[in-house]
Amino acid sequence: MKFVHSIEGLSLWVGRAFGWCILILTLSVSYEVFVRYVLNAPTVWAFDMMIQMYGALFLMCGAYALAQDTHVRADVIYRLLPIKVQAGLDFLLYFLFFFPGVLALAWYGYEIASDSWRYREVSFNSPASIQIYFFKSLIPVAGVLLLIQGSAELVRCVKAMRTGAWPERLADVKETEDLLSESDLAEIRAIHPGKK
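Each residue of the sequence shown is one higher than the last, beginning at 4 in the working numbering.
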């Protein structure tokens, strides 16, 4: 599990680092709204910067979401299956869909980024002509990070198929509803000690 947790640690670090894009987005939108509607002096750069920050956040937090098992999943039937079956199904689906898609992202992302660097591509959405080749460099990086995290998920699946229990993940921020449900369960257990 050291291998899995070291990869998860990398994914968590990258996700937390790019999570700061949310603050930049919030500040830039607030600034743009203020100068546009209060001072009547809109910027030429804010729109492009917001797109790039959101895109960077979306791309670079994919491995984080996978490491925390917070990605969207249609698990109405899946969650009812035994853990060994869940792990086997995940293992198969990683090879059928995840890895081919992520390999395509990394491969073609590299081509897109290298073309963008060669042309010194700029945004055509605004008169500011903001450079976007830095942003496009994140596409293959995100693909590689997803490949690395996907390999850790395969190890996790193999361990679950062998033991019948999912290995623990590195803990990070929890959703409020998860915290509330945990505290509710603790309160129920305190009132009714024999109940699960």
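Glycine is no exception: its CB is placed at the ideal position from the N, C-alpha and C atoms.
CA nearest to the CA of Lys139, picked from Val161, Gly146, Ile115: Ile115
Whole-angstrom C-beta distance between Trp48 and Ile133, which should lie under 8 Å: 6 Å
Inter-residue Cα distance where the pair is Gly167 and Gln89: 10 Å
Rounded straight-line distance, which links the Cα of Val36 to that of Glu156: C-alpha separation (whole angstroms): 42 Å.
Nearest neighbour of Leu84, chosen from Ala174, Asp175, Ala193, Met164 [CA to CA]: Ranked by Cα distance from Leu84, the first of Ala174, Asp175, Ala193, Met164 is Met164.
Ala68 versus Val41, Ser14, Met4, residue with shortest Cα-Cα distance: Ser14
Whole-angstrom C-beta distance between Phe21 and Ala59, which should lie under 8 Å: 6 Å
Separation of Pro170 from Arg159, as counted between CA atoms: 6 Å
Own chain partners of Arg39 with C-beta closer than 7 Å, once the 5 adjacent residues on each side are dropped: Pro45
Pair within 8 Å by beta-carbon distance, Arg123 and Tyr113: If you check the CB distance, Arg123 and Tyr113 do not come in under 8 Å.
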